[in-house]
Amino acid sequence: PDFNQLPNYCTIATGSLRRAALVKRQHPTATIVPIRGNVGTRIKDYSTTAIGTFLSVAGLKRLGLQSRHTHPLPVQSFTPAPGQGVITVQTRRDADPLNAALSVINDPRQALLSRLELAFLYSVGLDCRAPLGAHAQLINNRQTLSIFLSTMETDLFMDECIDIQVDSDIKTLSDRCLSWLNESK
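Numbering (my numbering), first residue to last: -16 to 168.
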């Protein structure tokens, strides 16, 4: 079924607390069951225990499984993890031939957006196990950062989108997130 039309009291399988929180925000009566393993295992396991699960569309395409009841979710309502899907290569500064070759495939726009997301992640001091999403965009030459945060119990949620004009904007947002988490306890 389409994510927006899930029935009440359905069961969803996911191994991510962020995804579980995003489901609970939109479908508070849903039951979340943990799921682990490779794609084949996840598909087999969820199909016997849940109405759906969350898998990478890119991974499904690589495996030729994209036609299996997939419903890509928009980042506006299902905030990805900071740096989601970004591939980085770290090199030595003096590796000139390698750095020159890599500069050809570098996407400066995506590099900027990824830096914003990761700067927020480092500033807030949380890790990939936290129910946290961050998505940076360039809109009309404005840098924006949308965040999603949930309590560990996935019962309270914070959504915010701000323009990033200076580095201190990220620190201000991360401070607000940490204050919200402390007040939610």
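Glycine residues also receive a C-beta, built at the ideal position from the N, C-alpha and C atoms.
Neighbourhood of residue i by C-beta distance below 7 Å, restricted to the same chain and skipping five residues each side
i, result
"Pro55", "Val40"
"Ser198", "Since the first residue shown for the chain is -16 and the last is 168, residue 198 is missing from the structure and cannot be characterised."
According to DSSP, residues forming a beta bridge with residue i
i, result
"Leu121", "Gln126"
"Ala41", "In DSSP, Ala41 forms no bridge with anything."
"Ser133", "Phe140"
"Gly116", "Phe131"
"Thr(-6)", "Thr14"
Nonlocal neighbours in the same chain, by C-beta distance under 6 Å from residue i, ignoring five residues either side
i, result
"Arg125", "Asp146"
"Thr12", "Asn(-9), Tyr(-8)"
"Arg2", "Phe37"
Beta-carbon gap between residue i and residue j smaller than 7 Å
i, j, result
"Cys144", "Thr127", "yes"
"Asn117", "Ile130", "The sequence given here places Ala at residue 117; Asn does not occur at that position. A contact, by the Cβ cut-off of 7 Å."
"Leu101", "Gly68", "no"
"Ala33", "Thr137", "no"
"Ser167", "Leu132", "no"
"Thr71", "Leu81", "no"
"Ala119", "Leu104", "no"
"Met135", "Trp163", "no"
"Ser157", "Val87", "no"
"Val6", "Ile(-5)", "yes"
Whole-number beta carbon distance between residue j and residue i, since they are thought to touch under 8 Å
i, j, result
"Thr(-3)", "Ile26", "That belief does not hold up - the Cβ atoms of Thr(-3) and Ile26 are roughly 13 Å apart, past 8 Å."
"Leu96", "Leu121", "7 Å"
"Val58", "Gly42", "About 17 Å separates the two Cβ atoms, so there is no contact after all."
| task | Pick out the complete beta strand (DSSP E) segments inside the stretch 135 to 160, 3 residues or longer, and give them in chain order. | result | 140 to 146
| What beta strand (DSSP E) runs, 3 residues minimum, are completely inside the stretch 5 to 61? | 14 to 16
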